[in-house]
Structures are given as structure tokens and as C-alpha cells.
Amino acid sequence: MVEFLQWVVLALVQGLTEFLPISSSAHLILASEFAGWQDQGLVMDIAAHFGSLLAVILYYRQDIIKLLTGQDWPLFSQIFLASIPIAVAGLILATFIENNLREVWVIAAASAVFGVLLWYSQKFSRQQALNFKSALIIGLAQCLALIPGASRSGVTITAGMALGLSKDKAAKFSFLLAIPAILMTTAYGGLKIYNSPTTFNFTAVFTIVTLSFLSAWLCIHWFMKYIQKIDFMWFMHYRILLAILILLSLL
């Protein structure tokens, strides 16, 4: 029963926090600390990311068809350009980050600091068009998501709004950028599994993929529906409170 509950929490946390700017790693750390859970393992982590990937692909399926058939070549090129920095940074820094930055205090600090930046950046949100320069800057900012607790969607939406994009345009580009980012994450994890084969529970994988998919799709749907009305001050407050709870968990 406890193991099943851990699957559910992992799936829901991944599905919701992959696209909300609040950091999945911060929430998973907090849940594990309070519940006393061990690490869920690489296979389950990949399953959770795969569910989120399916959700964003389904939600933006019409845009993706245009991208893959060459009907929107500028946007395809911008996504490709913006994805290069995190691919390079991930290859270079993955081992360093796993060994040095997965500390609770780092996650708490990143949650708070990037939460403040998210709130402040909305002051610059206008109706600027996305161009190759802004796409590259957002892509460079996405590298900060390698810091546990920063939130990939959070840093990319922050960068987009700081560059003058409207909230909905910044969020949409962030979510489309999630596709190559999650693909790279799952490919990296898959390579590690290939090099160190492990058994897994099919029921657990199916449960996690399904719940992650459903929660991620609903999250994207409602977030995009109300994003223009959302004051990101509330996300800042939430992230600071989360940071405090994480630090208190150390005690």
C-alpha cells in the first residue's frame, strides 16, 4: 500500500510540476522527507517523465504536426536553437550536478530565488514577438533548470516574460521546449538503464505513466486557460513557503 502511494505521489508531482513553475525536485524531496520514502528508482522516474511528455505532445498536437511537416519552420528552428544549450550543458555538467547540487539546501534556495525572479519578470511582459535572439536567450536560461529546485518551466517562462513576451506566449514556448528537454532526459536515463540493466514492476510503470499523463494534461489545459489572469506573485509566495518547509525538514 505504501509503495502504491509512492507511485501515485511521484506521478502526480511530476505531471503537475513539470509545467507549473514550482519545481518537481523540490516537491519530491519534501514528500520523501515527510513520508520517509527511499528513492523511487530510475525506471519509475523515466515513466513519470514519459507520461508528461505524452501529455504535452497531445495538447500541442496540431502545432507539432505543423512543426514536423515544415509548415512552421521559424518556430521549429527556434525550438531547435533553444534546445542546444541544455543539451551541451547536460552532457558536461550531469555528473557534477548529481554529485554536488542535489543537496536539500540548494533545492530550497533555488526554489525561493527563482520564485522571486518569476514574479519580478512579469513586470516586463508585453506583446513582443519571439525571434531567434530571444529563443537563444530562453534556451540559455533553461540551463539553469539543471539546478535542482529551479524548475525548467519556471526559468523559461521567467526568461520569456523578461524579454517582453506575453505570459501565454512565454508559457507556450516553454511547454514546446519541454518536448526535446524531456526526450533528452529520458534518453539519458534509458542509456543508464541499458548500461546497468534492472528489473521493474510493469503495474507500477503503467500506473505512473497514466497518472503523470492525466495530471500533466490537465495542468497544461488549466494553466494556459487562466495564465493571463494569474499573478505570479502567488507562485513566488508558494515557492518561498516550500523552501522554508524544505529547510525545516532538515531539522
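Its first residue numbered 1, the sequence shown is counted upward by one per residue in the numbering used here.
Beta carbons are placed, not taken as given, at the ideal position from N, Cα and C, and that holds for glycine.
Predicted, not measured: the structure shown is a model, and the values here were computed from it.
Next item on the list: Taking all protein chains shown into account, decide if Ser77 is buried (16 or more other Cβ within 10 angstroms of its Cβ) or exposed.
Entry: By the neighbour-count rule (16 or more Cβ atoms within 10 Å), Ser77 is not buried but exposed.
Notebook entry, point to check: Touching or not, the segment 137-147 and the segment 182-194, by the rule of three or more beta carbon pairs under 8 Å?
Noted result: No, they do not touch.
Checklist line | Anticipated Cβ contact below 8 Å, Leu218 with Gly51, distance rounded | finding: Rounded, the Cβ-Cβ distance is 12 Å, inconsistent with contact.
Notebook entry, point to check: Under the three-state reduction of DSSP, which class applies to Glu18: helix, strand or coil?
Noted result: coil
Next item on the list: May I have the straight-line CA-CA distance separating Ser121 from Gly115, to the nearest angstrom?
Entry: 10 Å
Check: Thinking C-alpha only, which one of Leu53, Lys229, Ser25 is nearest Leu242?
Finding: Ser25
Notebook entry, point to check: With distances taken from CA atoms, which of Trp37, Gly36, Val56, Leu42 is nearest Thr17?
Noted result: Val56
Checklist line | Helix, strand or coil at Tyr60 [DSSP, three-state] | finding: coil
Notebook entry, point to check: So, are the CB atoms of Leu163 and Gln127 less than 8 Å apart?
Noted result: no
Note to self: Can you tell me whether Asn195 is helix, strand or coil according to DSSP?
What the structure shows: helix
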